[in-house]
Structure formats: C-alpha cells, structure tokens
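Participant:
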Amino acid sequence: MQLKDTGKSAQEIKDIVSKYMVETYKRFDFICEKAEGHYLYAENGDKYLDFFGGVAVNNTGSCNPKVVAAVKEQVEQVMHTFNYPYTVPQAMLAERVCTTLGFDKIFYQNSGTEANEAMIKMARKYGIEKKGPNAYHIITGKGSFHGRTFGALSATGQPGTVLHNNFGPMLEGFTYAEFGNLAEYESQITENTCAIMFEPIQAEGGVKVPTKEFIQGLEALCKKHNLLLLADEIQTGWCRTGETMGYMNFGVKPDIISMAKGIGGGMPIGAICCNDEVASVFTLGTHGTTYGGNSVCCAAAYAQVGVLMDDNYSAKAKEMGAYIMEKLQSVPKLKEVRGYGLLIGVELTEAISVQVKEEAIKRKLLTTSIGTNIVRLTPPLTITKAECDEAVNILTEAINAIQ
Ligand SMILES: Cc1ncc(COP(=O)(O)O)c(C=O)c1O
Numbered sequence: 004m005q006l007k008d009t010g011k012s013a014q015e016i017k018d019i020v021s022k023y024m025v026e027t028y029k030r031f032d033f034i035c036e037k038a039e040g041h042y043l044y045a046e047n048g049d050k051y052l053d054f055f056g057g058v059a060v061n062n063t064g065s066c067n068p069k070v071v072a073a074v075k076e077q078v079e080q081v082m083h084t085f086n087y088p089y090t091v092p093q094a095m096l097a098e099r100v101c102t103t104l105g106f107d108k109i110f111y112q113n114s115g116t117e118a119n120e121a122m123i124k125m126a127r128k129y130g131i132e133k134k135g136p137n138a139y140h141i142i143t144g145k146g147s148f149h150g151r152t153f154g155a156l157s158a159t160g161q162p163g164t165v166l167h168n169n170f171g172p173m174l175e176g177f178t179y180a181e182f183g184n185l186a187e188y189e190s191q192i193t194e195n196t197c198a199i200m201f202e203p204i205q206a207e208g209g210v211k212v213p214t215k216e217f218i219q220g221l222e223a224l225c226k227k228h229n230l231l232l233l234a235d236e237i238q239t240g241w242c243r244t245g246e247t248m249g250y251m252n253f254g255v256k257p258d259i260i261s262m263a264k265g266i267g268g269g270m271p272i273g274a275i276c277c278n279d280e281v282a283s284v285f286t287l288g289t290h291g292t293t294y295g296g297n298s299v300c301c302a303a304a305y306a307q308v309g310v311l312m313d314d315n316y317s318a319k320a321k322e323m324g325a326y327i328m329e330k331l332q333s334v335p336k337l338k339e340v341r342g343y344g345l346l347i348g349v350e351l352t353e354a355i356s357v358q359v360k361e362e363a364i365k366r367k368l369l370t371t372s373i374g375t376n377i378v379r380l381t382p383p384l385t386i387t388k389a390e391c392d393e394a395v396n397i398l399t400e401a402i403n404a405i406q
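The numbers in this note's numbering rise by one with no breaks, and the one at position 272 of the sequence shown is 275.
(1) Put Ser283 into one of helix, strand or coil per three-state DSSP.
(2) On a Cα-Cα basis, can you pick out the residue from Phe85, Asn229, Val284 and Gly324 that is closest to Glu246?
(3) Taking the continuous alpha helix (DSSP H) assigned at Asp319, which residues delimit it?
(4) May I ask you to verify whether the region 104-111 touches the region 162-181, counting CB pairs closer than 8 angstroms and requiring at least 3?
(5) Going by the C-beta, is Lys29 closer than 7 angstroms to any heavy atom of ligand 3?
(6) Pull up the distance between the alpha-carbon of Gly154 and that of Gly56, whole angstroms please.
(7) Could you work out which residue in Glu207, Val71, Arg30 and Lys22 is closest to Leu346 when comparing CA atoms only?
(8) If we require 3 or more residues per run, which beta strand (DSSP E) segments fall completely within the region 143-203?
(9) Quick one: measure Cβ to Cβ for Ala180 and Ile123, integer angstroms, because I've assumed they're closer than 8 angstroms.
(10) Should the region 317-336 be called in touch with the region 348-355, which here means at least 3 C-beta pairs below 8 angstroms?
(11) Should Asn119 be labelled buried (16 or more other beta-carbon atoms within 10 Å of its own) or exposed?
(12) Could you tell me the alpha carbon to alpha carbon distance between Val60 and Met328, rounded to whole angstroms?
(13) Leaving out the 5 sequence neighbours to the left and right, which residues in its chain are closer than 7 angstroms to Gly344 when beta-carbon positions are compared?
(14) Three or more beta-carbon pairs under 8 angstroms between the region 83-98 and the region 296-304, yes or no?
(15) Within 8 angstroms (strictly less), CB to CB, does Pro257 reach chain D?
(16) Kindly indicate which residue of Gly160, Thr178, Gly163 and Ser147 has the alpha-carbon position closest to the one of His140.
(17) Considering just the uninterrupted stretch of the beta strand (DSSP E) at Ser372, what are its terminal residues?
(18) Quick one, are the C-beta atoms of Val74 and Met270 less than 8 angstroms apart?
(19) Spatial neighbours of Cys225 within its chain, please: C-beta separation below 8 angstroms, excluding the five flanking residues on both sides.
(20) Thinking Gly160 and Gly144 are a contact (beta carbons under 8 angstroms), I'd like their distance in whole angstroms, please.
(21) Mind reading off the beta-carbon distance from Glu36 to Ala45? Whole number of angstroms is fine, and I expect it under 8 angstroms.
(22) Measure the CB-CB distance between Ile1 and Ala304 and report whether it falls below 8 angstroms.
(23) By the 10 Å Cβ neighbour count, where 16 or more other Cβ atoms means buried, how is Arg30 classified, buried or exposed?
(24) Between Gly150 and the rest of its own chain, which residues show a CB-CB distance below 6 angstroms, the 5 nearest in sequence each way excluded?
(25) Would you kindly work out how many angstroms separate the C-alpha atoms of Ser12 and Leu6, rounded to a whole number?
(26) Would you list the one or two residues that DSSP bridges to Glu39?
(27) With contact counted as at least three CB pairs below 8 angstroms, one residue from each stretch, are the region 356-363 and the region 384-400 in contact?
(28) Check whether the Cβ of Lys128 lies closer than 7 angstroms to any heavy atom of ligand 1, and answer yes or no.
(29) Return the CA-CA distance between Gly254 and Lys215, expressed in angstroms with no decimal places.
(30) Straight-line CA distance for Gln358 to Ser147?
(31) Given Lys367, which residues of its chain have a CB within under 7 angstroms of its CB, disregarding the five upstream and five downstream residues?
(32) Any chance the CB of Asn119 is under 7 angstroms from a heavy atom of ligand 1?
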C-alpha cells in the first residue's frame, strides 16, 4: 500500500501514526514506499543509502528477488497451517540450516527474543533434568542485549536502564558478569548454574568485540563445570560478521545457538539449533508456538540461506568490512572503529551520535546510533566499495556539521 492509494498527504500519515500508534521508536522522518537492494525510497522520491539494513536483517539487500519469488510462490500455496501437517519449506530449511551449521536439530520461532526464550527454556530444562531441581541459573554478559520478552529481557545484562526499569521483577536465575572478564564469570558459577549465554559481539551494547581468548575461555569454563554454552547469534548470524555464524570467528562450538534477523530475508522468523542430546529435553507438548515454522517465513528463509551460502556472503562481508573500516579511520572526532565483517561500531570522542545520525539522514544516509557516542553500521552484505565511500563521505560531513 502506498501514499497514492490513500488520498492522504505524507503529513496526514505521520499524524495518524502519532494519534493511533504507541510509539517507542524515534522515526526516520520519511515514509518508506519502496526498499530495494541497498536503498530505501521515500514518498517524495528521495533515495536513502541503507547502512542499517532494517537493523542487521536485510543481509542480501531489501527485497532480494529470490526471497521475493519464494514468498510469492509459497503465499499462494500454504500461508499457515500450524505445526500439525508436515510442510515442505520447514523440512527443506531444517535440513539446509542443520547441515550448513553442523547441528542436529532446529526449532522454529518467530523472532529473536522468542528464539532466546526457547534457548533459555531448553537450557533450564536440561539443567534441571540432568543436574537437579535448582540447576536453572544462567550467567550472561553485562551490557548484553537478548530481547524484550521476560526471559530474554532478564538475560539482558542491563539492569537500571530503560530496558529493565519499571517492568517489575525480572525472571529469577540470571546473573551478569563483566563481558571480557573470565574470572568474574567463573566466580558466578555455582552448583545451580546450567549455562553461560553470550553474544559473539555485543551489538546493541555498543558493538563490543571480545578477544578470542575470552570466548574460548567461556567454552572452557562450560566444559570444566559441565555447563551449556549458549550463543545469541541473532545479530551476528548469517554471514554478518564475515563467517556464517559469529561464534565461528572465535573457534568455539556452542551447545545451542539462537538466530533470527538475517535468516528471514525480511520475513519474521527465529530459530534455535542444538545437538540431539540437548534437544531431547523438548518432548511432546513441552514447548510450542502458533506461527513458529510458518510456511511463508520458512520458504523465505530457505531462499535467503541459499543466497547467503551459495554466493558466499561471508566473504563479501569480510572484504567490504575490511574496506570500510579502513576508510572510517579518517572520520573526524573518531575514538575507535571496531567490529567484524559488516557489523561495525564507530565510536566518537563526543556524545553526538544521535545528531550524527540525524545529519546523515539529511544527507540521505541511514545508520543507527547506540548510546550517546556510537554510530552503528549494518548495511546489506552486498554493499559496494563506491557505496562505502559515499557513506564515509556523508558521515564525515555529518560529523563536521555538528558544532
Ligand atoms: C543479539 C540480539 N538478541 C536478541 C534480539 C531480539 O531480537 P528481536 O528484536 O527479533 O526480538 C536482538 C535484536 O536486536 C539482538 O540484537
């Protein structure tokens, strides 16, 4: 549906949004009428270079033709059935994901936060059944972000922030350790701990990149204390960081991983993968979802994973990530550029990231800001060198425009 179909002006649409919608987002000030490849097109014809990718979702570009074709085909066959009949897209996607990643099993959800709920539930049930009735405690990182539903929110190591404040008690059984400080993680392990959960790169927490030694240390702690290692791959997964999954940059193999965002090609789907032994705690009726495994979403994801793997998008992310990170060294007021592949944080020396984002939008570049001084770049993984150059030029102008 586009503006011309409504007979309304752009301002009238914005007014309807502010009148009828609960708004928890700071909007980009345009109506997106078309999103294709690396660009978003506004109602007035303006064209925006996409360096946020729907927040690390559009890894193969917006409206990738193969994903669109898969959705169109599937939508006319089966849109929804619930998980009683077998459906072909579910099966094909399951086989492709499990064989690609080397896991035995997949369980489908609808989103990242729900994938994390499934991962947390599976780890807790495994702990309780294998170790004892109180063995449901999970250690996560300070500054982590795992989602907005209560399990995932409780796992999110950001107490005292807008994420947790005034939502009442979090779920019991989570402690938070300093990301990077192995000794602190180990000090929190008790006989009741069942798992350590981590993001390979703390994305929402400021694109914090851990060392290889730290992530390998987490794996070693899990082996030593008989814990499950849980990787939240929702933002780092599916080629974003230059490897198929973020954990692969660190030479570890988690017991359960959660994924969403990039796997769906723009359609809402989440999932967890694990081995048979861990999966065995999810028996008939113990977990479920109405839409998880939806045929259209699975068909889209099957096409998306095909494009990502067959066209080696990890290599593209690695190459272009290295290219733009080098270029970004020249932006003014720079403290640090960090990241892996095309999950990049540009930390500035001043608390101006929101203004930089706004100035960049005026110059037709879309990014996201984190906290007060980090600009995050998560473009489609097919972004070109010329587009990277353009983005760096605009960011430079945007930073210089702030007095
Ligand atoms: C690492 C991580 N985990 C979980 C989530 C939550 O995913 P969703 O917004 O799909 O619920 C996000 C979203 O940004 C994320 O980056």
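Heads up, the beta-carbon is just placed ideally off N, CA and C, and yes, glycines get one too.
Facilitator: With the structure as the only source:
(1) coil
(2) Gly324
(3) Reading off the sequence, residue 319 comes out as Lys, not Asp. Residues Tyr316 to Leu331.
(4) no
(5) In terms of ligand content, the structure shown lacks ligand 3 and carries ligand 1 instead.
(6) 26 angstroms
(7) Glu207
(8) 177-180 and 196-201
(9) With 8 angstroms as the limit, Ala180 and Ile123 do not qualify as a contact, their Cβ atoms being about 17 angstroms apart.
(10) yes
(11) buried
(12) 20 angstroms
(13) Arg243, Thr244, Gly245, Ala320, Lys321 and Gly324
(14) yes
(15) Checking the listed chains, one finds no chain D in this structure; it contains a single protein chain.
(16) Thr178
(17) Thr371 to Ile373
(18) yes
(19) Ala198, Ile199, Leu231, Leu232 and Asp258
(20) 5 angstroms
(21) 7 angstroms
(22) This structure leaves residue 1 out entirely; the chain is present only between 4 and 406.
(23) exposed
(24) Gly115, Thr116 and Asn119
(25) 7 angstroms
(26) Tyr42
(27) yes
(28) no
(29) 8 angstroms
(30) 24 angstroms
(31) Asp49, Lys50, Tyr51 and Leu52
(32) yes
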